[in-house]
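Residues 2 to 436, numbered by the numbering used here, are exactly what the sequence shown covers, in order.
Ideal placement from N, C-alpha and C gives every residue a C-beta, glycine not left out.
Remember, it's a predicted structure, so these values are computed and weren't measured experimentally.
Scroll down for the structure; my scribbles are underneath it.
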Amino acid sequence: MKISVFGLGYVGIVSCACFAKYEHEIIGVDTNEEKIKLIQNKKSTIVEEGLDELLIEGINKNLITATNDFNYAILNTDISIICVGTPSQQNGNIDLSYIYNVVDQIGQSLKEKDTFHTVLIRSTVAPGTVRHSINRIEAISGKIYEQDFAVASNPEFLREGSAIADFFNPPYTIIGTDSDKCAKIITSLYSSIEAPIYTLLPEESEMIKYANNNFHALKITFANELGNICKALKIDGEKVMDVVSKDTKLNLSPYYMKPGFAFGGSCLPKDVRGLSYQAKVLDVKTPLLNSILESNDHQIQKGLQLIYATGKKRIGVLGFAFKAGTDDLRESPMVTLIETLIGKGYELLVYDKSVNLSNLLGKNKEFINSHIPHIYKLIRDHIEDIIEHSDVIVIGNKSSEFKSALHCNQDKTIIDLVRIDKAKTTEKGYVGICW
């Protein structure tokens, strides 16, 4: 394929060299004359292990050239990859002006072009950037999206120091487009790289890079805070985190990576408080750890706000144990939600087949008596009773039997806190807390 790469910084120059390895013809484009001259002299614009050799190989095969002529590059390629910078502004927002400068130039050049052109935004951008870019190109060029051109999000996952290896062995390739034609072109572009390809909506693709980088930052901060506590206790924090990382069933896995309602149960809240207290005693600052329970409480408040927003008072709750298939009510966020609604005068009915009051013993019985003593009057034995006598149905855990509530009378509002059906998103009478 013939590819123009806009921006010859870190991502751009690595992309030039690596795509040329697969015999694609590359035109690198930049406004910086020094970068153009470096490439023309077979030198890289950055320092990265293995890049010089790869770049020289591509130039010697006449597969890599460089220019500052935007129009020439666009008219002589089928795909344009945007790799320009998106720096932070003072208020924390990202500066997309460099992206839109390239997008506008592409729009101008497409006036002269009769063949289909694909634009990939490889830079990290805010969700909505692809959609806005499509509108700008249509307005400037007079061309029609999907008929004459397409724009897609194609985030990179390159680490400085291992960028070449990361390019050839990515965790996955993300294609953010709603155009089937565009998706096929990009899939073909990456056909030589053995990695799963996920085709998503542009906004989902754009958000993935932010999600990844913020998660990496979160993990580093967590490890640092835990390491600081360990050092104060004369424990080797690296050994602790090394073993923590070996658990791929829970610690490094998809298990806890599902947006939804707050966490609860007998372990997590207690242990977060316990570790934060240890840090306080040791005079070790842990702002991340200290924020966990506050953020968790906010998710409960968000669930309550969804209920308040309906303007209805008759509320039915399906599932109030903190996890489906258990009778554990200790620190269940659903218990907190129920308790709050009772205090505000809402009419509640609740159902959970795993919570049989006559069988409750010990801590569970003590918890229910101290937190929501009126629970005896609220529990019903059948889902149908909840649905019939409630205007709002709140789904509180993932018991499969609650799926039946999704098909109840249209005049009822379903508020789903756990995504009981992954195919549904907020619309009409159905409200998902995070979807």
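Check: The beta strand (DSSP E) enclosing Ile175, as first and last residue numbers; Outcome: 174-177
Check: Exposure of Arg420, with buried meaning 16 or more beta-carbon neighbours within 10 Å; Outcome: buried
Check: C-beta contact flag for Pro255 and Lys210 at 9 Å; Outcome: no
Check: Which residues DSSP lists as bridging Ala151, in chain order; Outcome: Thr119
Check: Exposure of Asn398, with buried meaning 16 or more beta-carbon neighbours within 10 Å; Outcome: buried
Check: Own chain partners of Thr311 with C-beta closer than 6 Å, once the 5 adjacent residues on each side are dropped; Outcome: Val393, Thr414
Check: Spatial distance of Leu305 from Val126 (CA atoms); Outcome: 32 Å
Check: Between the CA atoms of Leu294 and Gly320 - distance to the nearest angstrom; Outcome: 22 Å
Check: For Thr87, the nearest candidate out of Ser98, Val104, Ile80 (CA to CA); Outcome: Ser98
Check: Whole-number beta carbon distance between Cys19 and Leu55, since they are thought to touch under 8 Å; Outcome: 7 Å
Check: Test item: CB-CB of Gln109 and Ile80 under 9 Å; Outcome: no
Check: 3-residue-minimum beta strand (DSSP E) runs that sit fully inside the segment 36-107, ordered along the chain; Outcome: 65-68, 80-83
Check: Buried versus exposed call for Cys17 [16 or more other C-beta atoms within 10 Å across all chains shown]; Outcome: buried
Check: Neighbourhood of Ser355 by C-beta distance below 8 Å, restricted to the same chain and skipping five residues each side; Outcome: Ala322, Ala325, Gly326, Thr327, Asp328, Ser400
Check: CB contact flag (Lys429, Asp417, <9 Å); Outcome: no
Check: Residues sharing a beta bridge with Leu201, DSSP; Outcome: Gly177
Check: Distance between Leu276 and Thr427 (C-alpha atoms, nearest Å); Outcome: 37 Å
Check: Other residues of its chain near Val351: CB distance less than 6 Å, five sequence neighbours each side excluded; Outcome: Val318, Phe321, Leu379, Ile380
Check: Residues near Glu26 by beta carbon distance below 6 Å, same chain, minus five either side; Outcome: Lys3, Leu64
Check: Backbone CA spacing between Lys38 and Asp272 [nearest angstrom]; Outcome: 58 Å
Check: Cβ-based neighbour list, Lys303, same chain, cut-off 8 Å, excluding 5 preceding and 5 following; Outcome: Ile434
Check: Ala151 beta carbon less than 9 Å from that of Ile186; Outcome: yes
Check: For His299 and Glu147, the rounded distance between their alpha carbons; Outcome: 42 Å
Check: Euclidean distance between Cα positions of Lys247 and Ala263; Outcome: 26 Å
Check: Continuous beta strand (DSSP E) stretch holding Gly433: start and end; Outcome: 431-433
Check: Assigned secondary structure, Gly317 (DSSP; H/G/I helix, E/B strand, else coil); Outcome: strand
Check: For Asp237 and Gly265, the rounded distance between their alpha carbons; Outcome: 29 Å
Check: Member of Gly59, Ile107, Glu50, Asn102 whose CA lies at the smallest distance from the CA of Thr78; Outcome: Ile107
Check: Helix, strand or coil at Ile236 according to DSSP, with G and I counted as helix; Outcome: coil
Check: Minimum Cβ-Cβ distance from Ile176 to chain B less than 9 Å; Outcome: Going by chain labels, chain B is absent from the structure shown, which holds only one protein chain.
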